Every structure is written in structure tokens, then in C-alpha cells.
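Peer 1: One rule links them: number in the working numbering = place in the sequence shown (from 1) + 1195. Note that beta-carbon positions come from the ideal geometry of N, C-alpha and C, so glycine has one too. Quick caveat, the model's predicted, so the values are computed rather than measured.
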Amino acid sequence: GCRYKTGAKGSSSFDCSGFVYWCLNQAGVRQGYMTSKSWRSVSKYQKISSIDNIQKGDIIVFRMSSSKGHVGIAMSGSEMVDASSGEGCVVRRSYKTDYWRKYFYCAEYSNNAQNAPPARKKGERGVIYTPKKVCDKKL
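#1: Give the DSSP-derived three-state secondary structure of Cys-1301 in the structure shown.
#2: Can you tell me which of the three DSSP states Ala-1314 falls into?
#3: Alpha carbon to alpha carbon, how far is Lys-1291 from Ala-1269? Give it in angstroms, no decimals.
#4: Under a Cβ-count criterion, where at least 16 other Cβ atoms within 10 Å of its own Cβ denotes burial, should Gly-1264 be classed as buried or exposed?
#5: Asp-1210: which of Val-1286, Tyr-1294, Ser-1245, Cys-1301 sits nearest, CA to CA?
#6: In the region 1262-1299, which residue ranges form an unbroken beta strand (DSSP E) of at least 3 residues, counting only runs that do not cross its ends?
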């Protein structure tokens, strides 16, 4: 499976922001690498201020402190896929726990055609590449 490694951007190891960067690029979304902290101030995407309004494909941004953060990709209205330093690998888990709600900063999605992948279902926004194929590991 994919291991967590600080600063890694794929394809066999990732940190959280490297995983989001890799998935976006696999989906054909032109996005340069950004740290989890940089995702807090990005302006090219639409911001979502409520954790309850997140949809599949949205980038979820967490703020642990002024210098530390975390990012993941929503797989549904309650689960995300992310590279976890605590688990040491890419995981699928709930972001609607008390822990994640405490650190939720915002979510982001693109409604710009040049940044969005061409094949999305009607009403679907966001990324994305199907991360369950990542590293030959079923998430």
C-alpha cells in the first residue's frame, strides 16, 4: 500500500497535500503543489464554510495550528480519503467526527471548466480521480 512520507507527492508514498496534488493531476485538474497551509488561502476555488455542505470531490482543509494543517478529498457527505501521518498510509475515514469538526477550516471546489475534469455526473462537483485505485489498495 501507499506509505505516508512527509513531502512525498506520489505515486508510491504521499503526505496529505502531496496526495491531493497527485489526485488532482491524475484527474486532469491543472493545479500546482500546495501545502496544507497554502490551501487555506487559495482563491481559484469556491470556498465552503460548513462541514455539513461538503460533497464528493471537494478538497477538505483543516487547521491544526497557525503553521500545521491537513487536507483530504471528500468521498461522500461524510467520508474522506487522505494520507494519514498517524496511520502511516492513505486511508478512507469519516470527517464528521468531533476531532475533525474541531479543526475544520473550509472546503474547496472548482466550478471553473478549465480546472474541472470533463467527465462528471450532473450535479457532481469537485475533483475527481477515483482514489480507491491508488496504490492497488482498496480504500
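Peer 2: Judging by the given coordinates:
#1: Here Cys-1301 sits in strand by DSSP.
#2: For Ala-1314, the predicted model reports a pLDDT of 41, less than 50, meaning its position is unreliable and no value from the coordinates is stated.
#3: The C-alpha of Lys-1291 is placed about 11 Å away from the C-alpha of Ala-1269.
#4: The residue is buried, with at least 16 neighbouring Cβ atoms inside 10 Å.
#5: If we check each option's Cα against that of Asp-1210, Val-1286 comes out closest.
#6: The beta strand (DSSP E) runs of length 3 or more contained entirely in the region 1262-1299 are, from start to end of the chain, 1264-1269, 1274-1279, 1284-1289.
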